[in-house]
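Encoded as structure tokens, the structure appears first; notes follow it.
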């Protein structure tokens, strides 16, 4: 199939592993899904300390389950990407460890306290949900298929994030102040979640033409603001004065782009932002520390355990 | 004290002695599951592969779920989750010290050996609770046992896998040498031991369970080319560690872990841990 045919046929769930797709399509789809999968892993990495810091048994269980779900999403997405025949999962995981793999801007920032967790668990996940819902109609069928399960589980995560936010926002004065501070710190990053406006976006046109992306950054951010500005207000959060958000008479919001730190955004996009780099490197160290296990799995059969017959499938 | 075969009554009906014995049986069990889970969750997003990450997360959540079931039974006696965990003192916890030991970075062998030693014990312990005289425990044993079977399978499969090559087996050997003495704390008796057995709260003594446990663990480890400090006639050749946990004595690692997991609760001066479920039997 050539690009012309792909563009012509582009529609929801149109293409699968059996189709002979041009390299340009396969590469673009790989880039997009790899970014998504990486983001699941790095999001989980950022949130994992809060399994320990969760202030009740129920919260701890829910947090552990959430982090596990994200790893499961990563697994599904790497598989959907692998099917394109461009990169193996191992390659993609290596790239992530080496700092070549890209992932969402919000997961480059450090998160140290419990009261910050709804910033990811409610707002960022809420934003992600907006985008992911549109990806159920992406033209690469395995990606769309993965999205069915992911969106289903993401719905629970957002409820959990909202429940933590509600608890803090209706809690003691101290809790309210802490969550407001966290909101002010995270809000500009959340606004940048959807990336630059479409006219600045480098990969937008092609991805749209071949049906990989079904909605632009601008439209997604608009939909997010429509839903989440009222929610933030409902929980008594004060929207910071900057970045300015002008509400038009038609109900549309306009973010003053110059109020956002795009230098930092592009630095993050290159994996050059200090705190993000630390996240990447500490995860790399953790991954290298268990390289011996992966090596051991690749060289079986030299010991007395090898003839026991219970091949460790369940261990997976 | 005679053996009670007709069963103990509802939480309110228990005599002080009966209640004391039930609590003494439940507390180490609840704390053991809770703290083991706490250590397991350290592996989340750090396990060797995505698949093993998912598996260890499952196990951690199972153990947390079990802890919740046992804590819930203690709450029948008027304790709150806050008092049992979040506002407790570190020395109130009675988990065997095996589960509180820190995990070395990348020491997956530790997670597996610890899991194997603990799960084998837990399995025996749960079986000794199937015929318990306290009906509230009996109600919950089946659910817990069903999940523990998977844990034991998981641990055994991984043990075999790691022992398939020399470097892997060497890692397992080191973990086993370090953990084995602490595994003996799983069978450390408390002052309530006689009462627990006499009242039929548990149908087997810890001493008997220890014999059974050795009977399973020693030959299995031996078949994998691992040795444990146990003589041919079954005598354990290492001493019990100074801190056994079930008597409230703990290693220096415990206060640090306790400090970490109670950090948010203290910082927010909560007073009450957020509950999402009214009744843990719902899950």
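Residue numbers (this note's numbering), protein chains in the order written: chain Z, 90 to 405; chain U, -6 to 276. Built from N, CA and C at the ideal position, the CB exists for glycine as well.
At least 8 Å separates the CB of residue 76(U) from every CB of chain Z.
In terms of Cβ geometry, residue 45(U) and residue 153(Z) do not form a close pair [threshold 8 Å]. Our two residues, residue 207(Z) and residue 161(Z), have alpha carbons roughly 21 Å apart in a direct line. One Cα belongs to residue 177(Z), the other to residue 170(Z), and the distance between them is close to 8 Å.
Note that the region 212 to 231 of chain Z does not touch the region 181 to 188 of chain Z; fewer than 3 beta-carbon pairs, one per stretch, sit closer than 8 Å. Remark: C-beta atoms of residue 94(U) and residue 175(U) approach each other more closely than 8 Å. Residue 306(Z) sits in a helix when the DSSP states are folded into three classes.
Not one beta carbon of chain U lies nearer than 8 Å to the beta carbon of residue 247(Z). In the three-state DSSP reduction, residue 184(U) falls in the coil class, being neither helix nor strand. Counting along the chain, residue 202(Z) sits inside no alpha helix (DSSP H), nor does DSSP assign it H or E at all. Chain order gives the chain Z residues near residue 43(U) as 160, 163, 164, where near means a beta carbon separation below 7 Å.
Identification of chain U residues near residue 140(Z) by a Cβ-Cβ cut-off of 7 Å yields 34, 37, ordered along the chain.
By the neighbour-count criterion, in which 16 or more other beta carbons inside 10 Å mark a residue as buried, residue 153(U) falls on the buried side.
At least 8 Å separates the CB of residue 367(Z) from every CB of chain U.
Two segments are said to touch when three or more pairs of C-beta atoms, one from each, lie closer than 8 Å; by this definition the region 154 to 171 of chain U touches the region 103 to 112 of chain U.
Listed as beta-bridge partners of residue 335(Z) by DSSP are 343(Z).
Here residue 70(U) carries a coil assignment [DSSP, helix/strand/coil]. Taking 4 residues as the shortest admissible run, the region 123 to 157 of chain U contains the following complete alpha helix (DSSP H) segments, listed from N- to C-terminal end: 128 to 155. Closer than 8 Å to the CB of residue 128(Z) there is not a single CB belonging to chain U.
Remark: C-beta atoms of residue 193(U) and residue 87(U) do not approach each other more closely than 8 Å.
By the rule that beta-carbons nearer than 8 Å mark a contact, residue 71(U) does not touch chain Z. Near chain U, meaning a CB-to-CB distance below 9 Å, the residues of the region 143 to 157 of chain Z are 143, 144, 145, 146, 147, 148, 149, 150, 151, 152, 153, 154, 156, 157. Listed as beta-bridge partners of residue 104(Z) by DSSP are 229(Z). Against residue 258(U), the close residues of chain Z are 144, in the order they occur along the chain (beta-carbon pairs closer than 7 Å).
Collapsing the DSSP output to three states places residue 229(U) in a strand. Excluding the 5 residues flanking it on each side, residue 264(U) has no same chain C-beta neighbour closer than 6 Å. Cβ-Cβ distances below 6 Å link residue 309(Z) to 219, 220, 283 in the same chain, with the five nearest sequence neighbours on each side left out; the list follows chain order. Here residue 269(U) is exposed: its Cβ has fewer than 16 other Cβ atoms, across all protein chains shown, within 10 Å. The region 123 to 143 of chain U and the region 199 to 209 of chain U do not touch, with fewer than 3 CB-CB distances between them shorter than 8 Å. Interface annotation for the region 374 to 391 of chain Z against chain U: 375, 378, 379, 381, 382, 383, 385, 386, 388, 389, 390, 391, criterion Cβ-Cβ distance under 7 Å. Contact of residue 232(Z) with chain U is not assigned, every C-beta pair being separated by 8 Å or more.
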